[in-house]
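Worksheet: the structure to be examined is printed underneath.
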Amino acid sequence: MFFASDNWAGAHPNIVAGLSANADGFSTAYGDGALDQAVYRRFSEIFEREVAVFFVATGTAANSLSLTAYNKPGGISFAHRESHVIEDECGAPEYFSGGSRLHAIDGALGKIDPHNLERSIGRFAPEIVHWGRPMAVSITQSTEVGTIYGLNDIAAISAIAKKHSVPLHMDGARFANALVALDTTPAEMTWKRGVDILSFGGTKNGCWCAEAIVLFDLDRAKELAFLRKRAAQLFSKSRFVAAQFEAYFKDGLWLDTARHANAMAARLAAAIEDSATAKLAWLPQANEVFAVIKKGEAEKLQAAGAAFYDWHRPHGFDGHIGEDELLYRFVTSFATTADEVDRFGQLIAG
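For reference, each letter of the sequence shown is one residue, going 1 to 350 in the UniProt record's numbering.
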């Protein structure tokens, strides 16, 4: 019963087969091989326009280089207070950009509140040298607490970013989970709503190690190529990242794995709602589920083989957590089975 993280899951068999199929022979290195080029074209097809694609090793690299692509002296990027770029990147965005800052924005359950964003950006007049100046806005889709920005939400935040002449970045570590939950297209969830640059994640959704920066602002592509090299993120044998993405996209595998993960999260949430020993904190929208459980009960569940983590109370959560209780996070993946969920449901049935 592995609900600790979708990072715990292995690689989908189709991804493994794709790697094996491309293990022999020779191919041009550093992203210039035939398979690399084919995958770049596939990204453009998926997003319904020409895009520039840069493979990187991790989501941290994707997020950090995406923001660094728009770096400027005194630059400030705006993100939700509990976003991954602020809480879980160990200062990497600031490091790669050589000293830019991240400014935290409040909003309920992981989502930036547009009014708070407008107020915060407005504090930093770009002509006042002492304060620093707006550089970018970053949103996480789906968020760190499993919620999703709707298409109108993205458009509203983009409008504020454009008003202040800064780009909009999307951290899409769980991009596919949000996409299938909204039942929309990659184009509609990104550039058609004003997204300029995307961290496109595959690792959490069945890949072995495949992340990419998708750049809709093609004028930045040449500069980003140098930034990636300087950051030690240019793979020599990049065909092995391309092979993963080729298999990931084939026959809609990436959408199927995301749908499965989301369905398992909904199944898990239903089991928690029926439980006598756990309370669902809020309804999941993607593949992360949050529950309030007594500490002693949680320890018993973990001793019985269930893997999950305790979590901090997110901004905007007004549910009750008793002194003997904690908030816990459960994450489902392409590898989660209905049997795992049902066994866990039996343990919490009471």
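Glycine included, C-beta positions come from ideal geometry on N, C-alpha and C. Treat the numbers as computed from the prediction; the structure is a model and nothing was measured.
query	result
Hey, out of E273, E89, R81, whose CA is closest to G316's CA?	R81
Assuming M170 and I139 are in contact, meaning their beta carbons sit under 8 Å apart, how far apart are those beta carbons, in whole angstroms?	6 Å
Give the single residue among S100, E94, I76 whose Cα lies nearest to the Cα of residue 431.	The structure shown does not extend to residue 431, since the chain is modelled only from 1 through 350, so no value can be given for it.
Considering Cα atoms alone, identify which of W254, Q285, G322, G319 is closest to T143.	Q285
Counting pairs of Cβ atoms below 8 Å between the stretch 235-248 and the stretch 36-47, do you hit three or more?	yes
Please classify N7 as buried or exposed, where buried requires at least 16 neighbouring CB atoms within 10 angstroms.	exposed
Are the CB atoms of A231 and L65 nearer to each other than 8 Å?	yes
Taking 8 Å as the threshold (C-beta atoms), are V214 and L168 in contact?	no
Does the distance from the CB of V241 to the CB of F3 come in under 8 Å?	no
If I measure Cβ to Cβ from V85 and keep anything under 6 Å in the same chain, skipping five residues before and after, which residues do I get?	N63, A79, P93, S138
In angstroms, rounded to a whole number, what distance separates the CA positions of T147 and G25?	44 Å
Express the C-alpha separation of I128 and L179 in angstroms, rounding to a whole number.	39 Å
Could you pull the DSSP bridge partners for Y309 from this structure?	R329
Give a yes or no on contact between the stretch 218-238 and the stretch 16-34, applying the rule of three or more CB pairs nearer than 8 Å.	yes
List the whole-angstrom C-beta distance separating S97 from T68, where the pair is believed to meet the contact cut-off of C-beta under 8 Å.	4 Å
Flag this pair as yes or no: are the beta carbons of E211 and A11 separated by less than 8 Å?	no
Starting from G75 and walking both ways along the beta strand (DSSP E), at which residues does that stretch end?	75-80
Consult DSSP for S100 and reduce its assignment to one of helix, strand or coil.	coil
Measure the beta-carbon distance from R267 to V341 and round it to whole angstroms, keeping in mind my assumption that it falls under 8 Å.	5 Å
Which residue from H130, Y95, S158, G132 puts its Cα closest to that of E118?	S158
So for F235, helix, strand or coil by DSSP?	coil
Comparing C-alpha positions only, which one of T277, P314, N287 sits nearest to K346?	At residue 346 the sequence reads Gln, which differs from the Lys that was named. Ranking T277, P314, N287 by Cα distance to Q346 puts T277 first.
Between the Cα of G305 and those of S199, F344, Y149, V195, spot the shortest distance and give me the residue it belongs to.	F344
Checking 8 Å against the spacing of the C-beta atoms, do M135 and Y70 come in under that value?	yes
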